[in-house]
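Visitor: Using our numbering, the letters of the sequence shown map in sequence onto residues 496 to 782.
Every residue, glycine too, gets a C-beta built ideally from N, C-alpha and C.
It should be emphasised that the depicted structure is a prediction, and the values quoted were computed from it without experimental measurement.
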Amino acid sequence: MTDTAATDAAATAATAAASARAAAPVPGPGTAGLAGPGAGRCAIVTGGGRGIGRATARELAARGWAVALFDLDPAGLDETARLIREAGGRAAGFAVDVSDEDAVAAGVAAAAAELGAPLVLVNNAGVLRDDFLFRATLDDWDLIMNVHLRGAFLMSRAVQRFMVEAGWGRIVNLSSTSALGNAGQSNYSAAKAGIQGLTKTLALELGKFGITANAVAPGFIATDMTRATAARQGITFEELAERVSAATAVRRMGDPADIAHAIAFFVAEESSFVSGQVLYVSGGPNA
Ligand SMILES: NC(=O)c1ccc[n+]([C@@H]2O[C@H](COP(=O)([O-])OP(=O)(O)OC[C@H]3O[C@@H](n4cnc5c(N)ncnc54)[C@H](O)[C@@H]3O)[C@@H](O)[C@H]2O)c1
């Protein structure tokens, strides 16, 4: 059998399996639909050690999901897990570099063993290496591509088989208003635009298995990432926040909870007809 024929046969078999599942649904213990939150399922949030990832993990935990936190920072992982448990939720941290193929495979297997099949994936882990093109380095370019794009690819590829098996899944990727272009961010804007293409392709490939893929593109959100931006620009965070707020329709910067809420919308059972979309969450119509 040629590679193409084998791929086609596998896809046909998988589609038939998905149809069979849809025809004979097995009621689950979930509170938000057949494969929503409940025993034996979890949501993975990468970069869950702080910022938007932490807020998203807390939001999903509050909605009944057991949350697997993937991050490089063990102290951040512990703190997010502690906050979730304190509020009565379930969470576990996994020290995973999302750009490392072996670490991703091991992390996803460990999360599935401890918390259940990952049926939600939020690709949120991220870094910045801003500079103007004439000073931008190849190392920084590679790092940005590896964490944002390679990371989202590796995580999505590792997790999709659980979602296909369940006939239900939600992938939410973090893009950015910078995807539309931002001076000083050639690497980051390219990665965040790439995330949008990846999202739309995942939506097309995985839709027939009950899996949606969407992206949230935040504007300026108050996190350690933007605090570092202010420091790099030689101004205080308050000065940067004031500048950004004045240029934002709702006259404030965003909070991690604003983004967590948008992500939770895409994850909800009721959002099963929303896929391949990019939602700009930036306090106004302009990036
Ligand atoms: N803050 C904003 O204004 C803003 C705007 C648009 C988009 N975003 C995007 O939202 C996401 C979260 O941003 P944030 O502001 O919370 O950032 P943050 O810097 O506060 O947190 C990012 C987290 O990702 C983790 N991380 C970094 N590299 C990793 C890797 N290789 N593997 C695993 N974890 C890794 C970090 O340890 C950290 O805990 C990022 O993708 C970012 O690009 C942020």
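Would the segment 534-549 count as touching the segment 616-625 if we require 3 or more Cβ pairs under 8 angstroms?
Guide: yes
Visitor: I'd like the span of the beta strand (DSSP E) that includes N682, first residue to last.
Guide: Taken as a continuous stretch (DSSP letters only), N682 belongs to no beta strand (DSSP E), being part of the alpha helix (DSSP H) at 681-701.
Visitor: Opposite N709 in the DSSP bridges: which residues?
Guide: V667
Visitor: According to DSSP, simplified to helix, strand and coil, what is P569?
Guide: helix
Visitor: Determine the closest residue to V739 out of V654, G778, T575, with distance taken between C-alpha atoms.
Guide: Of the candidates V654, G778, T575, the one whose C-alpha sits nearest the C-alpha of V739 is G778.
Visitor: Among F704, G533, T551, which one has its Cα closest to the Cα of F761?
Guide: Ranking F704, G533, T551 by Cα distance to F761 puts T551 first.
Visitor: From the DSSP output, in three-state form, read off F589 for me.
Guide: strand
Visitor: Quick check on R747: does DSSP put it in helix, strand or coil?
Guide: coil
Visitor: Does at least one heavy atom of ligand 1 sit under 7 angstroms from the Cβ of S767?
Guide: no
Visitor: Given a cut-off of 8 angstroms on the beta-carbon distance, is the pair V711 and I758 in contact?
Guide: yes
Visitor: If we call anything under 8 angstroms between Cβ atoms a contact, is R585 one with A561?
Guide: yes
Visitor: Write down the C-beta distance between A563 and I547 rounded to the nearest angstrom, noting that I regard them as a contact closer than 8 angstroms.
Guide: 16 angstroms between Cβ atoms; not a contact.
Visitor: What would DSSP say about I716, mapped onto helix, strand or coil?
Guide: strand
Visitor: Secondary structure at I758, three-state DSSP: helix, strand or coil?
Guide: The DSSP-derived three-state label of I758 is helix.
Visitor: Here's a check: name, in chain order, each residue in its chain whose Cβ is nearer than 7 angstroms to the Cβ of G689, leaving out the five neighbours to either side.
Guide: Cβ neighbours of G689 within its own chain (closer than 7 angstroms, five residues either side excluded): L644.
Visitor: Just tell me which of A582, A601, G583 has its CA closest to the CA of V591.
Guide: A601
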